[in-house]
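Colleague:
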Amino acid sequence: MHISDGVLPISVAVGGFAASLAIVALSARKVDPETLPKIAVVTSAFFVASLIHVPIGPTSVHLLIPGLVGILLGGGAFISIALGIVLQSLLFQFGGITAIGANAFMMGVPALMSGWVFRILKGRSMRRHVLAGAMAGGLGVLLATVILALLLASSGEDFLGVAWIAIYAHLPVLVIESAISAFVVSFLFKVKPDMLGKRSASACPSC
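Structure (structure tokens):
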């Protein structure tokens with residue numbers, strides 16, 4: 001899910017850069033320096049997950065994991081996504097240079113929203129954590145796909161068909177990422193609950 005150079009109108013591309021830079025600046029002010037190693041690890045996972053593409057018509061699909069990034073990083077999720085997008089664009093030409101801002105916004109905002117939803121719904125029990133993780137994982141894909149469709153629609157009627165194909169193509173990804181997020185949350189709840197914002201002492205299914 002990467003937008004290439006020349007697809008977006010100049011005004012939209014510039015707006016994407018402005019919005020993304022503003023969110024990165026705000027996030028950087030709130031991020032605890034001690035979480036930087038965690039951000040680096042999650043960014044690596046996001047970077048790798050996006051490397052495998054499966055072509056479907058004029059578009060392609062791959063694991064997105066904005067929901068999982070949001071679950072693990074909370075307010076630092078946008079920084080992780082933006083860094084991953086920049087590296088993908090510069091090293092592998094995934095997405096255009098002029099579309100880096102729009103691509104970061106498209107993936108970063110869903111990550112932030114998913115993290116927010118997870119923190120609200122996770123409760124204290126393992127079941128609540130797993131259900132919240134599944135919902136956050138699916139929500140991240142859903143929001144990213146909707147934003148992608150809106151960005152493509154801003155480019156004119158020539159891209160409306162591609163926008164609809166992108167939506168339908170990512171429905172299976174939504175289901176898969178919901179399951180992956182639920183599994184990761186379940187695993188971390190048992191072995192590393194502090195990564196989910198939960199104290200180790202209370203990490204038990206009956207809490």
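Numbering (the working numbering) for the sequence shown: 1 to 207. Note that the Cβ used here is the ideal one computed from N, Cα and C, for glycine as well.
Between which two residues does the alpha helix (DSSP H) carrying E177 extend?
Modeller: L171 to V191
Colleague: Just the Cα atoms here: how many angstroms apart are S114 and N103?
Modeller: If you take the alpha carbons of S114 and N103, they lie about 17 Å apart.
Colleague: Could you compute how far the alpha carbon of R128 sits from the alpha carbon of L68?
Modeller: Computed Cα separation, rounded: 16 Å.
Colleague: Select from L51, S181, V31 and G76 the residue whose C-alpha is nearest the C-alpha of V141.
Modeller: It is S181.
Colleague: Using 8 Å as the Cβ pair cut-off and three pairs as the minimum, do the region 172 to 191 and the region 31 to 48 touch?
Modeller: no
Colleague: Straight-line CA distance for I97 to S125?
Modeller: 44 Å
Colleague: Which whole-angstrom value is the C-beta distance of G76 and V31, which I expect to be below 8 Å?
Modeller: Contact holds; Cβ gap of about 5 Å.
Colleague: Can you find the residues in the same chain that come closer than 6 Å, C-beta to C-beta, to F118, ignoring five residues on each side of it along the sequence?
Modeller: I71, A132 and A136
Colleague: Which residues in the same chain have their Cβ closer than 6 Å to the Cβ of C204, if we skip the five residues on either side of it in sequence?
Modeller: Because C204 carries a pLDDT of 45, less than 50, the predicted location of this residue cannot be relied on, and the following value inherits that uncertainty. Answer for C204: no residue qualifies.
Colleague: Starting from the C-beta of L121, find all residues in its chain whose C-beta is less than 6 Å away, skip the five residues before and the five after it, and write them out in chain order.
Modeller: A distance below 6 Å between beta-carbons, with the five flanking residues on each side excluded, links L121 to the following residues of its chain, in chain order: A132.
Colleague: Distance, Cα to Cα, I10 vs S186?
Modeller: Rounded to whole angstroms, the separation of the alpha carbons of S186 and I10 is 43 Å.
Colleague: Using a 10 Å radius around the Cβ and a threshold of 16 neighbouring Cβ atoms, would you call P110 buried or exposed?
Modeller: buried
Colleague: With a threshold of 16 other CB atoms inside 10 Å of the CB of G197, please say whether the residue is buried or exposed.
Modeller: Burial check for G197: the Cβ neighbour count within 10 Å stays below 16, so the residue is exposed.
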